[in-house]
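Heads up, the sequence shown is in my numbering, so the first residue is 149 and it goes up one at a time. Ideal Cβ placement from N, Cα and C applies to all residues, glycine included.
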Amino acid sequence: MENARYETLIKTAKIAVLIAAASALQCLEAPIAAAFPWVKVGLANILTLYAVIRLSASEAILIAAGRTFLSALILGSLFTPFHFMSFSGAVSSAVLMAFLHKAAPKISLSLKSIFGAVASNSAQLLAISFLFKAKINLYWYFGAAILFSVPAGLLNAKITEKLLQADG
Numbered sequence: 149m150e151n152a153r154y155e156t157l158i159k160t161a162k163i164a165v166l167i168a169a170a171s172a173l174q175c176l177e178a179p180i181a182a183a184f185p186w187v188k189v190g191l192a193n194i195l196t197l198y199a200v201i202r203l204s205a206s207e208a209i210l211i212a213a214g215r216t217f218l219s220a221l222i223l224g225s226l227f228t229p230f231h232f233m234s235f236s237g238a239v240s241s242a243v244l245m246a247f248l249h250k251a252a253p254k255i256s257l258s259l260k261s262i263f264g265a266v267a268s269n270s271a272q273l274l275a276i277s278f279l280f281k282a283k284i285n286l287y288w289y290f291g292a293a294i295l296f297s298v299p300a301g302l303l304n305a306k307i308t309e310k311l312l313q314a315d316g
């Protein structure tokens, strides 16, 4: 019984640390995201992908959602359009990466990360369209988002791989 409590405490602490670290990374990228939303690397997704591999799908989604709330609170953007864009992107990315990890376990970390980046950018575009009833050509923006998703996903996968190796 005592061992189960200890393991729960350790897992809770690990989730809290991952949320805090992901929030810090998101806050560091915030100035870039404000000017060019699809140019940022999405460094916080490194920790979401790490959680998909090391923890569970539900915990990875919790980390993705939690970091958007904490970051928005720190940045003063809680419940603003920026927060909803961030939330939709982070959770969509976490869900898709977790699904791929479960449904296709042999798929590479790079592909999981790239698909996660594409899901994030796609969800953000849909959020913009919904929030602002945008009458913009989303196809052009989607193309630009995909263009930046691939290198961002590859970079995040490489960093996640190093983190997983260091973690053992």
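Which two residues bound the contiguous alpha helix (DSSP H) that contains Thr-196? Taking the first residue of the sequence shown as 1, we reach residue 196 at position 48. Element bounds for Thr-196: 192-202.
If I follow the unbroken alpha helix (DSSP H) through Ser-241, where does it start and stop? By one-based count along the sequence shown, residue 241 stands at place 93. Residues 229-251.
When the Cα atoms are used, what is the spatial distance from Lys-250 to Tyr-154? If you number the sequence shown from 1, residue 250 lands on position 102. If you number the sequence shown from 1, residue 154 lands on position 6. So the alpha carbons of these two residues sit roughly 27 Å apart.
CB-CB length for Leu-191 against Glu-207, believed under 8 Å: Residue numbering aside, residue 191 sits at position 43 when the sequence shown is read from its first letter. Residue numbering aside, residue 207 sits at position 59 when the sequence shown is read from its first letter. Not quite, the Cβ-Cβ distance comes to about 19 Å (not below 8 Å), so this is no contact.
Do Ile-194 and Leu-311 have their C-beta atoms closer together than 8 Å? Reading the sequence shown from its first residue, position 46 is the one you call residue 194. Reading the sequence shown from its first residue, position 163 is the one you call residue 311. Yes.
Three-state secondary structure assigned by DSSP to Ser-171: Walking along the sequence shown from the start, residue 171 turns up at place 23. Ser-171: helix per DSSP, three-state reduction.
Residue of Ala-300, Ala-170 and Gly-291 minimising C-alpha distance to Phe-217: By 1-based counting over the sequence shown, the position of residue 217 is 69. Minimum Cα distance to Phe-217 is reached at Ala-170.
Look up Val-298 in the DSSP assignment and say whether it is helix, strand or coil. Here residue 298 is taken as the residue at index 150 of the sequence shown, counted from 1. Helix at Val-298.
Can we say the segment 159-169 touches the segment 270-278, given the rule of at least three CB pairs closer than 8 Å? no
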